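Protein chains: 2
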Amino acid sequence: MEALLEDRADEMFHALADRTRRDILRRVMTEGLSVSDLASGYDMSFAAVQKHVAVLERAGLISKQRVGREQRARAEVDAIRSIGSLLDELEEQWRSRVQRIDDLLTADEPEGDRRTR
Amino acid sequence: MEALLEDRADEMFHALADRTRRDILRRVMTEGLSVSDLASGYDMSFAAVQKHVAVLERAGLISKQRVGREQRARAEVDAIRSIGSLLDELEEQWRSRVQRIDDLLTADEPEGDRRTR
DNA sequence: CAATCATACAACCGCTTGGTTGTACGTCAA
DNA sequence: TTGACGTACAACCAAGCGGTTGTATGATTG
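Order-wise, the sequence lines are chains A and B. In terms of our numbering, the first sequence opens at residue 1 and continues consecutively. In terms of our numbering, the second sequence opens at residue 1001 and continues consecutively.
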């Protein structure tokens, strides 16, 4: 069913799990850059950088737009935000558990001694 | 320099880039679970699940505590938060760029033609 | 047109990953 | 003590990943 979301999460986290790709992402947050622009900044072949860009694009974290013979990449801020949402969702579960414990502790049950502070 | 941070980010994002590990993380957000408890929930060997737990632990996303002969895993909420911070930091760059553009647009710039950028 | 630039992609290679099975060790219950 | 349980880890394997080189295609320039 909603395995698509999990596929998406797989791609996004995997795309972020490489420092070159994170650096590329940082660089295209503030301005669109061509693949050549990006490639000039790393000690690896053009093709390698182009692959990294492709991974980021498949994950939806960047998009490309043709400008003349260049392909300018820019970050997809909404997609990056959606990753934050995934993490927030995780934390939400944790928070609700803390709340549950808190409810237990503050429940009006007189006899139990709730030490364990 | 601070390549250690990048190493850490590599590990964390990589740990999250697998749906089984994300699911394990979800399950230990609300309560400590033994490796066996966790393993019973997946269609793979105990050893495979144990490896996933080890990856999460190396990434600092969970910690384990011995309880009798069990090893109970629980989520490290602070570490999960730190990932959110990494993403926030990215977004921050974007926000500052938006601010910069906004400054340019609202600047009283009569003379300069801001072409060529 | 030809030459060049920017890009895309296929084929390949060594290493890592996610899975398996098997073995070994510490802890608990009889 | 014996046996079962919970865990850890080594060895192995197929598949995927990050890198390379080489080739093909489209757009721009002379």
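Using N, Cα and C, we set each Cβ at its ideal position, and we do this for glycine too. Since we're looking at a predicted model, the values are computed, not measured.
Secondary structure, alpha helix (DSSP H): runs of 4+ residues fully inside the segment 71 to 108 of chain A: The qualifying runs are 77 to 106.
Residues within the segment 1005 to 1016 of chain B neighbouring chain A, beta-carbon criterion of under 9 Å: Hits within the stretch, in order: GLU1006, ASP1007, ALA1009, ASP1010, GLU1011, MET1012, PHE1013, HIS1014, ALA1015, LEU1016.
Within-8 Å CB hit, VAL1077 of chain B to chain A: Look at VAL1077 of chain B: its C-beta is under 8 Å from a C-beta on chain A.
Where ARG27 of chain A sits in the DSSP three-state scheme: DSSP, reduced to helix, strand and coil, places ARG27 of chain A within a helical segment of the structure shown.
Where LEU105 of chain A meets chain B, residues with beta-carbon distance less than 7 Å: Near LEU105 of chain A there are no residues of chain B at all, since even the closest Cβ is about 16 Å away, more than 7 Å.
Test: MET29 of chain A CB closer than 8 Å to a CB of chain B: Under the Cβ criterion of 8 Å, MET29 of chain A is counted among the residues facing chain B.
For SER66 of chain A: DSSP bridge partner residues: A small fix is needed here, since residue 66 of chain A is Arg in this sequence, not Ser. Its beta-bridge partners are A:GLN71.
CB contact flag (ILE1062 of chain B, VAL1028 of chain B, <8 Å): Against a cut-off of 8 Å, the Cβ pair of VAL1028 of chain B and ILE1062 of chain B comes out as a contact.
Nearest-angstrom Cα separation, counted from GLU1011 of chain B out to VAL1067 of chain B: In a straight line, the C-alpha of VAL1067 of chain B is about 27 Å away from that of GLU1011 of chain B.
Range of the contiguous alpha helix (DSSP H) that encloses ALA1015 of chain B: From DSSP, the alpha helix (DSSP H) with ALA1015 of chain B extends over 1003 to 1016.
Nonlocal neighbours in the same chain, by C-beta distance under 7 Å from THR20 of chain A, ignoring five residues either side: TYR42, HIS52.
Where ARG1115 of chain B falls: helix, strand or coil (DSSP): The pLDDT assigned to ARG1115 of chain B is 42, lower than 50, so where the model puts this residue is not dependable; a value taken from the coordinates is nonetheless given after this. If DSSP states are grouped into helix, strand and coil, ARG1115 of chain B belongs with coil.
Interface partners of GLU91 of chain A on chain B, CB under 9 Å: Per Cβ cutoff of 9 Å: MET1029, VAL1077, ILE1080, ARG1081, GLY1084.
ALA1073 of chain B classed as buried or exposed, judged by whether at least 16 other C-beta atoms fall within 10 angstroms: Looking at its Cβ environment, which holds 16 or more other Cβ atoms inside 10 Å, ALA1073 of chain B is buried.
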